[in-house]
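Undergrad: Here it is, the structure, as structure tokens.
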DNA sequence: TGAATTTCCGTGCACGGTAACGGAAATTTT
DNA sequence: AAAATTTCCGTTACCGTGCACGGAAATTCA
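Residue numbers (my numbering), protein chains in the order written: chain A, 1 to 346; chain B, 1001 to 1346.
This is the structure:
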């Protein structure tokens, strides 16, 4: 019942606590025989180290690095960055901090460069939202070689030995998006708006979302024409023109979806040309939520990115401080459906 | 930059750490002059106690009491009870545990009795899901008198000095429920199924939900007939008969809602008499989720009760260990909309 | 004024682990 | 076989607080 301490196993094995400590942290200088004896009685007595005593004696601050795409205010990655603060508060009593590193999500070079900055900071763990398959692999290998645990959020790339993943299922989210878009009745024609810049190099989740979207259409609403329109997020005027041209050509379209967080880009146009259109997009950016509350956007599929970074950081903290591994490696999270009547408390 | 310790302020004030410690925990035996000197230099140096050292030296486990309605497997309060485990893991490093006390949600006597059991256990904090306005007030006053902080979940009753509240907005949840039930088109006739036992003494959230439901109807779907049907949760056969009788009398009804977690009770009937009926209910009980995935239930409004207890416990832990108060007292949480396409990862 | 209290405060050990230091024992080298 | 290493281990001084104990100083009592 009473707590087993390092002294108890020292006494039991006839060794000193110095030796016991050495085996606990395997920092060598212990004979195989002693090592075995200590390990045995640790198991026998069910010894668990006292966290406070340990932290007090070390008194050293470890840090967890956060590797995220750089973000402008009002964009998706800003939401994730906000999760850092909450997580920080939670892990502070564990003598841990976080530090954020950013990269340009459209440049592999910048990602590589950020990776070396992360390594230079000598982190105790890394949380990353990866964008580049190959570069991420290389980085993951380096982390593994150095024995630095890491977790993934948002995008699950196939990298060796990640501790955990947190994100929504990309394929299913596209499927859900289609379901929300179609609503009850069958639909003849829908528009999927896309981002120009993504045309060349599509991110992994975007591709999967599209395929989920398409599959829903095939299964539940076949014979529907799916039209695409590419817009430039940097150029609102051109976006307006593009939409104008589109609706001149296809005036019957009453269903619009976007498979990323930028749905707010078409809101100004829609509000200048009111019509009874179902509009579905992703993520709880302020601009999206506002349009949702006004009724311009019908539904949003949201994923609590703050929660994702929080959880990822927490799992690393458990690993680093307690040597505890998460129960599940892949944690697919709930996709929140937001409509105007439940957006307020989000 | 380097940490200020108790010794630093001892040195600065020319007193000993023993004295400093006495003022820190105001356990008396200190002259006013010394007290003032210590307080001043604490402020001056910005001293913050070292949590580990403190916990290590005390080595005493405080406990947070959880006061919840007793629960059968597969009922709502079981979900909340599950949150206890998660919270427990989170606060363990803070030398805190939780302990659950249950009461019969239909008996004020049993609630009172549970309250005295809680007090006898001498908890450092209390989380409760209250059902009885008056008894809860009395209990809250007692807690306040003893200086025991407490938080509320689920139902926000007006009690003095609670630390925090976590739950969904009851009125709005009824409103949302109606919105999900009606869907796109106007509806002529809906059925709201209710629980017999609740007829006499309706809980606070149920009343508010009903009023939100009604208001939505008035505002968005006026002229709709709202029919009620009472069923007995203990008697499936009677439930079936009642539904049978109802649909014989009103065969046109194609919309059913229930404003509590028991929607699964009518699922067997619905599956024996297939028809294209929209069915909306509350909470992610396994039975509800299963019916949702099968398509019998159209939508569920869920509220993550585990999260609510987790958060409430966390806020108490911060209060107890760090003397930190939550930013917001009333934390209304997001109402999750579950449909068959996003139920899987919930 | 001396004795008896009371008030106030310093000392020192305990909490459980960490890691530097130095030395004995075992092993290798010359 | 003595010297030089290497391997292995015990000792010890912390880390920052909590708290019991005892004693000096101030106050009250006789």
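Yeah, the Cβ is synthetic: ideal placement off N, Cα and C, and Gly gets one too.
Thinking C-beta only, is residue 1280(B) closer than 8 Å to residue 1119(B)?
TA: As a first step, residue 1119(B) is located in the second chain; it is residue number 119 there, counting from the start. As a first step, residue 1280(B) is located in the second chain; it is residue number 280 there, counting from the start. Not closer than 8 Å, so no.
Undergrad: I need the straight-line Cα distance from residue 1187(B) to residue 1170(B), nearest angstrom please.
TA: Along the second chain, one-based indexing puts residue 1187(B) at 187. Along the second chain, one-based indexing puts residue 1170(B) at 170. Each residue's Cα considered, the two are about 24 Å apart.
Undergrad: Strictly below 9 Å CB to CB, what residues from chain A border residue 1093(B)?
TA: The residue given as residue 1093(B) occupies position 93 in the second chain. The answer, in chain order, is 51, 52, 93, 94, 321 and 322.
Undergrad: By how many angstroms is the C-alpha of residue 257(A) removed from the C-alpha of residue 263(A)?
TA: Position 263 of the first chain holds residue 263(A). Position 257 of the first chain holds residue 257(A). Roughly 8 Å between the two C-alpha positions.
Undergrad: Restricting to Cα atoms, I'd like to know which of 296(A), 127(A) and 172(A) is closest to residue 272(A).
TA: Here the question's residue 272(A) lines up with position 272 in the first chain. Comparing Cα positions, the closest option is 296(A).
Undergrad: Is the CB-CB distance between residue 65(A) and residue 102(A) below 8 Å?
TA: Indexing the first chain from 1 puts residue 65(A) at position 65. Indexing the first chain from 1 puts residue 102(A) at position 102. It is not a contact, given that the beta carbons lie outside the stated cut-off.
Undergrad: Do we get a CB-CB distance below 8 Å when we pair residue 125(A) with the residues of chain B?
TA: Position 125 of the first chain, counting from 1, holds the residue named residue 125(A). Not one chain B Cβ lies under 8 Å of residue 125(A).
Undergrad: Restricting to Cα atoms, I'd like to know which of 335(A), 314(A), 338(A) and 148(A) is closest to residue 327(A).
TA: As a working note, residue 327(A) is residue 327 in the first chain. Considering only alpha carbons, the answer is 314(A).
Undergrad: Check whether the Cβ atoms of residue 5(A) and residue 38(A) lie closer than 8 Å to each other.
TA: Reading the first chain from its first residue, position 5 is the one you call residue 5(A). Reading the first chain from its first residue, position 38 is the one you call residue 38(A). No.
Undergrad: Taking residue 1294(B) as the reference, which of 1193(B), 1274(B) and 1283(B) has the closest Cα?
TA: Working through the second chain from its first residue, we reach residue 1294(B) at position 294. If we check each option's Cα against that of residue 1294(B), 1274(B) comes out closest.
Undergrad: In terms of alpha-carbon separation, which member of 127(A), 57(A), 174(A) and 165(A) lies closest to residue 1050(B)?
TA: As a first step, residue 1050(B) is located in the second chain; it is residue number 50 there, counting from the start. Nearest of 127(A), 57(A), 174(A) and 165(A) to residue 1050(B), Cα basis: 57(A).
Undergrad: Spell out a yes or no on whether the stretch 119 to 132 of chain A and the stretch 150 to 169 of chain A are touching, meaning 3 or more CB-CB pairs, one atom from each, closer than 8 Å.
TA: The stretch 119 to 132 of chain A is in contact with the stretch 150 to 169 of chain A.
Undergrad: Express the C-alpha separation of residue 1195(B) and residue 1245(B) in angstroms, rounding to a whole number.
TA: Here residue 1245(B) refers to the residue found at position 245 when the second chain is read from its first residue. Here residue 1195(B) refers to the residue found at position 195 when the second chain is read from its first residue. C-alpha separation (whole angstroms): 17 Å.
Undergrad: Are residue 92(A) and residue 330(A) touching if we call contact CB-CB under 8 Å?
TA: In the first chain, residue 92(A) corresponds to position 92, counting from 1. In the first chain, residue 330(A) corresponds to position 330, counting from 1. The answer is no: Cβ separation not under 8 Å.
Undergrad: Could you pull the start and end residues of the alpha helix (DSSP H) that residue 28(A) belongs to?
TA: As a working note, residue 28(A) is residue 28 in the first chain. Residue 28(A) -> no alpha helix (DSSP H), and no H or E assigned at all.
Undergrad: In angstroms with no decimal places, state the Cα-to-Cα distance between residue 1162(B) and residue 1144(B).
TA: Numbered from its first residue, the second chain carries residue 1162(B) at position 162. Numbered from its first residue, the second chain carries residue 1144(B) at position 144. Approximately 9 Å between the Cα atoms of the pair.
Undergrad: Short of 9 Å Cβ to Cβ, which residues in the stretch 22 to 36 of chain A face chain B?
TA: Against chain B - using a Cβ distance shorter than 9 Å - the stretch 22 to 36 of chain A contributes no residues.
Undergrad: Does residue 1084(B) come within less than 8 Å of chain A when only Cβ atoms are used?
TA: Here residue 1084(B) refers to the residue found at position 84 when the second chain is read from its first residue. Output row for residue 1084(B): interface = no.
Undergrad: In three-state DSSP terms, what is residue 1139(B)?
TA: Within the second chain, numbered from 1, the residue matching residue 1139(B) stands at position 139. If DSSP states are grouped into helix, strand and coil, residue 1139(B) belongs with the helices.
Undergrad: Give a yes or no on whether 8 Å exceeds the smallest Cβ distance from residue 1232(B) to chain A.
TA: Start at 1 with the first residue of the second chain, and residue 1232(B) comes out as number 232. No - not a single Cβ of chain A is within 8 Å of the one on residue 1232(B).
Undergrad: Just to confirm, is the Cβ distance from residue 1261(B) to residue 1076(B) under 8 Å?
TA: Here the question's residue 1261(B) lines up with position 261 in the second chain. Here the question's residue 1076(B) lines up with position 76 in the second chain. Yes, the pair counts as a contact, with Cβ atoms nearer than the cut-off.
Undergrad: How long is the line joining the alpha carbons of residue 1238(B) and residue 1100(B), rounded to whole angstroms?
TA: Residue mapping note: residue 1238(B) aligns to position 238 of the second chain, counting from 1. Residue mapping note: residue 1100(B) aligns to position 100 of the second chain, counting from 1. Straight-line Cα distance between these residues: approximately 34 Å.
Undergrad: Between residue 1055(B) and chain A, is the shortest Cβ-Cβ distance under 8 Å, so that the two count as touching?
TA: To locate residue 1055(B), count along the second chain from 1; it is residue 55. Output row for residue 1055(B): interface = yes.
Undergrad: If I'm right that residue 1341(B) touches residue 175(A) with Cβ under 8 Å, what's the distance once you round it to whole angstroms?
TA: For the purposes of this step, residue 1341(B) is identified with residue 341 of the second chain, where counting begins at 1. For the purposes of this step, residue 175(A) is identified with residue 175 of the first chain, where counting begins at 1. Contact flag correct, Cβ pair sits at about 6 Å.
Undergrad: Since residue 299(A) and residue 338(A) should fall inside the 8 Å C-beta cutoff, what is the C-beta to C-beta distance between them, to a whole number of angstroms?
TA: On the first chain, position 299 is the one that residue 299(A) refers to. On the first chain, position 338 is the one that residue 338(A) refers to. So it is a contact: roughly 6 Å between Cβ atoms.
Undergrad: Among residues of its own chain, excluding the 5 on either side of residue 42(A), which ones have a beta-carbon nearer than 7 Å to its beta-carbon?
TA: Position 42 of the first chain, counted from the first residue, corresponds to residue 42(A). Answer for residue 42(A): 9, listed in chain order.
Undergrad: For the alpha helix (DSSP H) that residue 1107(B) lies in, which residues bound it at each end?
TA: Translated into the one-based positions of the second chain, residue 1107(B) becomes position 107. It is not in any alpha helix (DSSP H) - residue 1107(B) carries neither H nor E in the DSSP assignment.
Undergrad: Taking Cβ positions, are residue 1250(B) and residue 1278(B) nearer each other than 8 Å?
TA: As a working note, residue 1250(B) is residue 250 in the second chain. As a working note, residue 1278(B) is residue 278 in the second chain. Not closer than 8 Å, so no.
Undergrad: Evaluate residue 1089(B) with the Cβ neighbour count: other Cβ atoms within 10 Å of its Cβ, from every protein chain shown; 16 or more gives buried, anything less gives exposed.
TA: Locating residue 1089(B) in the second chain gives position 89, counting from the first residue. Exposed: under 16 other Cβ atoms inside 10 Å.
Undergrad: Determine the contact status of residue 259(A) and residue 282(A), defining contact as a CB-CB distance below 8 Å.
TA: Sequence index remark: in the first chain, residue 259(A) carries index 259 (1-based). Sequence index remark: in the first chain, residue 282(A) carries index 282 (1-based). Taking 8 Å as the Cβ cut-off, residue 259(A) and residue 282(A) qualify as a contacting pair.
Undergrad: Strictly under 8 Å for the Cβ-Cβ distance: is residue 1288(B) near chain A by that measure?
TA: By one-based count along the second chain, residue 1288(B) stands at place 288. Not an interface residue.
Undergrad: Answer with yes or no whether the minimum CB distance from residue 326(A) to chain B is below 8 Å.
TA: Numbered from 1 along the first chain, position 326 holds the residue referred to as residue 326(A). Taking Cβ atoms only, chain B never reaches closer than 8 Å to residue 326(A), which makes this a no.
Undergrad: Report the partner residues of residue 257(A) according to the DSSP bridge assignment.
TA: Residue numbering aside, residue 257(A) sits at position 257 when the first chain is read from its first letter. According to DSSP, which records beta bridges pairwise, residue 257(A) is partnered with 192(A) and 280(A).
Undergrad: With DSSP as the reference, identify every bridge partner of residue 1096(B), one or two as the case may be.
TA: For the purposes of this step, residue 1096(B) is identified with residue 96 of the second chain, where counting begins at 1. DSSP, once it has assigned bridges, lists 1062(B) as partnering residue 1096(B).
Undergrad: Between the Cα of residue 205(A) and those of 18(A), 28(A) and 133(A), spot the shortest distance and give me the residue it belongs to.
TA: On the first chain, residue 205(A) is found 205 positions in, with the first residue counted as 1. Among 18(A), 28(A) and 133(A), the Cα nearest to that of residue 205(A) belongs to 133(A).
Undergrad: Answer yes or no: do residue 1031(B) and residue 1015(B) have a C-beta to C-beta separation smaller than 8 Å?
TA: Within the second chain, the letter at position 31 stands for residue 1031(B). Within the second chain, the letter at position 15 stands for residue 1015(B). Against a cut-off of 8 Å, the Cβ pair of residue 1015(B) and residue 1031(B) comes out as no contact.
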